[in-house]
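> Using my numbering, the letters of the sequence shown correspond one by one to residues 10 to 381.
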Amino acid sequence: MPTPASKEILILGIETSCDETAAAVVGLDRATGRGRILSNVVRSQWESHRAFGGVVPEIAARAHVECLDEIVREALTAASIEFSDLDAIAATAGPGLVGGLIVGLVSAKALALANDLPFVAVNHLEAHALTVGLTEGLAPPYLLLLVSGGHTQLLAVEDLGRYRRLGTTIDDALGEAFDKTAKLLGLGFPGGPAVERTARTGNAARFPLPRPMMGRQVPHFSFAGLKTAVRQTAMALTPLRQSDVADLCASFEAAVADCVRDRVVRAIAILDELPPADMLPRDHRHLVVAGGVAANLRLREGLQELCMERNYVFHAPPPSLCSDNAAMIAWVGALRFVRGETDPLDIAARARWPLDLSATPALGAGRHGAKA
Ligand code: KG4
Ligand code: ZN
Numbered sequence: 010m011p012t013p014a015s016k017e018i019l020i021l022g023i024e025t026s027c028d029e030t031a032a033a034v035v036g037l038d039r040a041t042g043r044g045r046i047l048s049n050v051v052r053s054q055w056e057s058h059r060a061f062g063g064v065v066p067e068i069a070a071r072a073h074v075e076c077l078d079e080i081v082r083e084a085l086t087a088a089s090i091e092f093s094d095l096d097a098i099a100a101t102a103g104p105g106l107v108g109g110l111i112v113g114l115v116s117a118k119a120l121a122l123a124n125d126l127p128f129v130a131v132n133h134l135e136a137h138a139l140t141v142g143l144t145e146g147l148a149p150p151y152l153l154l155l156v157s158g159g160h161t162q163l164l165a166v167e168d169l170g171r172y173r174r175l176g177t178t179i180d181d182a183l184g185e186a187f188d189k190t191a192k193l194l195g196l197g198f199p200g201g202p203a204v205e206r207t208a209r210t211g212n213a214a215r216f217p218l219p220r221p222m223m224g225r226q227v228p229h230f231s232f233a234g235l236k237t238a239v240r241q242t243a244m245a246l247t248p249l250r251q252s253d254v255a256d257l258c259a260s261f262e263a264a265v266a267d268c269v270r271d272r273v274v275r276a277i278a279i280l281d282e283l284p285p286a287d288m289l290p291r292d293h294r295h296l297v298v299a300g301g302v303a304a305n306l307r308l309r310e311g312l313q314e315l316c317m318e319r320n321y322v323f324h325a326p327p328p329s330l331c332s333d334n335a336a337m338i339a340w341v342g343a344l345r346f347v348r349g350e351t352d353p354l355d356i357a358a359r360a361r362w363p364l365d366l367s368a369t370p371a372l373g374a375g376r377h378g379a380k381a
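1. So does the stretch 38-45 actually touch the stretch 55-75, counting three or more Cβ pairs closer than 8 angstroms?
2. Using CA coordinates, which residue listed in 200, 95, 197 is at the minimum distance from residue 81?
3. With burial defined as no fewer than 16 other Cβ atoms inside 10 Å of the residue's Cβ, what is the status of residue 210: buried or exposed?
4. Using three-state DSSP, classify residue 232 as helix, strand or coil.
5. Looking only at its chain, what residues have a beta carbon closer than 8 angstroms to the beta carbon of residue 365, apart from the 5 residues adjacent to it on each side?
6. Can you grab the Cα-Cα spacing for the pair residue 262 / residue 208, in whole Å?
7. Just checking, does the stretch 301-313 make contact with the stretch 110-119 on the three C-beta pairs under 8 angstroms criterion?
8. Indicate whether residue 361 and residue 129 have their beta-carbon atoms separated by less than 8 angstroms.
9. Excluding five sequence neighbours on each side, which residues of the same chain lie with their C-beta closer than 8 angstroms to the C-beta of residue 240?
10. For residue 317, which of 227, 270, 118 has the nearest alpha-carbon?
11. Can you tell me whether residue 126 is buried or exposed, with buried defined as 16 or more other CB within 10 angstroms of its CB?
12. Return yes when the C-beta of residue 181 is under 7 angstroms from any heavy atom of the ligand KG4, and no when it is not.
13. Using three-state DSSP, classify residue 82 as helix, strand or coil.
14. Pick out the complete beta strand (DSSP E) segments inside the stretch 319-368, 3 residues or longer, and give them in chain order.
15. Kindly indicate which three-state DSSP category residue 220 falls into: helix, strand or coil?
16. In chain order, what residues of the same chain lie with their CB nearer than 7 angstroms to the CB of residue 212, ignoring the 5 residues before and after it?
17. With C-beta atoms as the reference, is residue 219 less than 8 angstroms away from residue 272?
Structure (structure tokens):
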């Protein structure tokens, strides 16, 4: 616990934007700018949604209501602090499923009011984007590949609150493609980890699946066609043997890795073409991958390799901090709090909240700005 003379501020973070109920306490040392996680409690609702093959918004919101108080208490206890030790409370205000967001937001506001603490409303995507600041002390600028269940974007992260979108998906998000692939192959939910596990024993060269958008100038993504190709291949093979499923998963991951690599190469080229004042520093460039899909080992290895070729430094949060958690929310809350950026208690939940407000929705991007 910090002494009165300590320069460390303590923030409670709350995350309820999708199917994880999470609370965490994070410290930020004002003198060094470094963060530390005092506690990080995440309760997943997978069991409640499994029978439906995906997240059911009503069930998610109800589950958050049922356990959030307990999760917050657990986070404080694990951090060995009381509300009176906190400097502020932060909660995800969007983007995400509105029912769940409202649960977290209303609880955080009530706790802030009752304990006379400032409140910070956090963008969930910004929290994924800045997690490496907490885990590695890496500050912007850097190139970010944000890959989660609702988003797939390449962004130039210029500063806290300043993002330039270079590319986005025009249809499915990458996490969604993993989840749908898993569902159609009978691998269950959530799909990403299941596809990754199954792919380990598969032959990635067996099925030449499409690599949508490869070679295109603007580094957008598309995964709907890949998903359809997996479905058609699976239908043609039915009944599927275990080895067919493993080969399909491995072939799918290989296609994804190729697409991602090609799009990141294009984003790097765009940064290289920008006038000096507008671009990330040339001498010491960083690529960060974040969001739930960033836990995927095949993807991480491919990006690591690419970075070595292009003289970039590669960064990824540890897998447990790639998927949704409240430590990342508390971290952004802390960063904004020390800049004096707190929010009024009448701030509303936002289903859509793009990081780059000037970016136009990509053609065909049905879920742009939606769930994180
Ligand atoms: O960031 P996240 O936890 O939640 C959202 O904000 O969407 O990302 C969840 C997504 C899901 O689609 C899940 O299947 C995917 O991340 N995911 C993975 C892996 N772990 C989680 N995808 C591929 N490989 C993984 N190991
Ligand atoms: Zn997320």
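From the three backbone atoms N, C-alpha and C, an ideal C-beta is built for every residue, glycine too.
This is what the structure holds:
1. The stretch 38-45 and the stretch 55-75 do not touch, with fewer than 3 CB-CB distances between them shorter than 8 angstroms.
2. 95
3. exposed
4. coil
5. 164, 172, 173, 174
6. 7 angstroms
7. no
8. no
9. 193
10. 270
11. buried
12. no
13. In the structure shown, residue 82 sits in a helix (DSSP, three-state: H, G or I).
14. 321-324
15. Looking at residue 220 - three-state DSSP - the assignment turns out to be coil, as it is neither helix nor strand.
16. Closer than 7 angstroms at Cβ, skipping near neighbours: 256, 259.
17. no
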